[in-house]
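Some notes on the structure that comes next.
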Amino acid sequence: MTGHGGTPRRIYVDQTHLRGHVTGIERVATYLLSSQALAPHEVREIRSTSLASLIAWQQIGLPALGLADRSALFVFPGFPPGPLSMALGTRCITYVHDTFLITRSQELNWRSRLYMAPSFAFAARLGRRFLVNSRTTGLALRAFCRRDALVALMRPRVRDVFGLAELPGPATHRLGEPLRLLAIGTIEPRKDYPAMIAIAAALHAAGIAVELHLVGRTGWGRHAFLADPPPFLTVHGYLDDGGLRALVARCHLLMSTSRAEGLGLPLLEAQHGGLPVVAPEGEVFSEVLGASGMFITPSDPEKAAATLIQGLRDGRIRAMAEQARPNVERWNVLAARDAERFRAFLDIGDDAYADDLDGIVAPA
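Heads up, the working numbering is the position in the sequence shown plus 1, with the first residue counted as 1.
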């Protein structure tokens, strides 16, 4: 892509997948690539009205637009671009939230395996321009993309979407009362909620009364714990912002046992409320949480429970609560830097990243 000397660009953003309830990933896509965020550039959002319309736009309509409007950029922040969009070359930009479509195919539903995974594998192999939500995602993508592809960081700013900043902080755990654990995320295999339930059971067996509150819609897959939930588990399903805010105010910490994430946005969003976060050991969780997180091995519930109990006794979990909001501020500084660099990219092309060793993920 050549520079345009600051002349506003026309940018088509594929939002054909946005219908009905908007997920956290979709929230990221809409505000990162909105007209307001990218002003003075002209953003044209492409929506669909049905599944057939989605497929038609992604496979034929958007590539055809690219041939007709030869100076425009095309950004795909949700579904991967269809194979014909690869003909757009450097004008095709794919925002990559994770690489699960390639690396964890066994945990995808049949629709994703049939439709999304092949397109993503093709785009990863042939694409020339990518945006990624974390350095961990960028490094994972580098294993599949061409060496000369631009892989640029565009970490999302973590907004206080649930209004948690007004809370005084997490509830104080007192000896003898239940430890209230919160989990946020769609119920699907990758989240590994059975491991979280096993950790809660291990806490109970160690003499710590526990309540596990799971907030999220039921996705694909079979989940035995929904049919026969343990007495300490409450499945809330979807909660509106007020309902979630009230629940966060009662909980002592947020827990994740996900087997893999590209970012883990709910972990950062919860930190707006000062909530301590417990997450699996892993590169992305270390990148996102830093010193503000506690890291466990979900496959070893007894050891994970012992780590939590020790954190309650030695005050580490209280200290994590004090680091939660500063960690969100740290992340948002990085996100603002990424957004500024991308706007420069829209003006002058790849030269915007020429001297930015932190803004790009270099090939190994």
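Where a beta carbon is used, it is the ideal one built from N, C-alpha and C, also for glycine.
Closest to L234 by CA distance: which of R251, L183, A345 is it? Within the sequence shown, numbered from 1, the residue matching residue 234 stands at position 233. When only C-alpha atoms are compared, the closest one is L183.
Less than 8 Å between the beta carbons of I185 and V216, yes or no? To locate residue 185, count along the sequence shown from 1; it is residue 184. To locate residue 216, count along the sequence shown from 1; it is residue 215. Result yes, Cβ atoms of I185 and V216 sit closer than 8 Å.
Reduced DSSP category for Y13 - H, G, I as helix; E, B as strand; rest coil: The residue labelled residue 13 in the question sits at position 12 within the sequence shown. Of the three classes helix, strand and coil, the one that applies to Y13 here is strand, per DSSP.
Leaving aside the five residues before and after E284 along the sequence, list all residues of the same chain whose C-beta is less than 6 Å from its C-beta, in chain order. Translated into the one-based positions of the sequence shown, residue 284 becomes position 283. Cβ neighbours of E284 within its own chain (closer than 6 Å, five residues either side excluded): T137.
I'd like to confirm the pairing. Which residues does DSSP put opposite F145 in its beta bridges? Reading the sequence shown from its first residue, position 144 is the one you call residue 145. Per DSSP, none; premise fails for F145.
Classify G265 as helix, strand or coil using the three-state DSSP reduction. Locating residue 265 in the sequence shown gives position 264, where the first residue counts as 1. Coil.
Taking contact to mean at least 3 C-beta pairs separated by less than 8 Å, is the region 270-278 in contact with the region 157-169? The region 270-278 vs the region 157-169: in contact.
Determine, using beta-carbon pairs with one atom in the region 198-210 and one in the region 285-295, whether at least three such pairs fall under 8 Å. Here the region 198-210 does not lie against the region 285-295, with fewer than 3 beta-carbon pairs under 8 Å apart.
Would the beta-carbon of L165 fall within 8 Å of that of V249? Looking up residue 165 in the sequence shown gives position 164. Looking up residue 249 in the sequence shown gives position 248. Cβ distance < 8 Å, so L165 and V249 count as in contact.
T3 to D161 span [Cα, whole Å]: As a first step, residue 3 is located in the sequence shown; it is residue number 2 there, counting from the start. As a first step, residue 161 is located in the sequence shown; it is residue number 160 there, counting from the start. Confidence is the limiting factor: at T3 the pLDDT is only 42, short of 50, which leaves the residue's position unreliable and the question unanswerable from this model.
By DSSP's criteria, Y96 is part of a beta bridge. Which residues make up the other side? For this step, residue 96 is matched to residue 95 along the sequence shown. According to the DSSP secondary-structure assignment, Y96 is paired through a beta bridge with L132.
Which of helix, strand or coil does DSSP assign to D351? On the sequence shown, position 350 is the one that residue 351 refers to. Looking at D351 - three-state DSSP - the assignment turns out to be helix.
If you draw a straight line from the C-alpha of R28 to the C-alpha of V44, how long is it? Indexing the sequence shown from 1 puts residue 28 at position 27. Indexing the sequence shown from 1 puts residue 44 at position 43. So the alpha carbons of these two residues sit roughly 16 Å apart.
What is the DSSP secondary structure of R126, counted as helix, strand or coil? Here residue 126 refers to the residue found at position 125 when the sequence shown is read from its first residue. The answer is helix: DSSP assigns R126 an H, G or I state.
Would you mind sorting I61 into buried or exposed? The rule is 16 or more other CB atoms within 10 Å of its CB. Here residue 61 refers to the residue found at position 60 of the sequence shown. By the neighbour-count rule (16 or more Cβ atoms within 10 Å), I61 is not buried but exposed.
Cutting at 6 Å between CB atoms, please list the residues of its own chain near G265, excluding the five before and the five after it. If you number the sequence shown from 1, residue 265 lands on position 264. V289, listed in sequence order.
Output yes or no for whether 8 Å exceeds the beta carbon distance between L347 and R10. Within the sequence shown, numbered from 1, the residue matching residue 347 stands at position 346. Within the sequence shown, numbered from 1, the residue matching residue 10 stands at position 9. Taking 8 Å as the Cβ cut-off, L347 and R10 qualify as a contacting pair.
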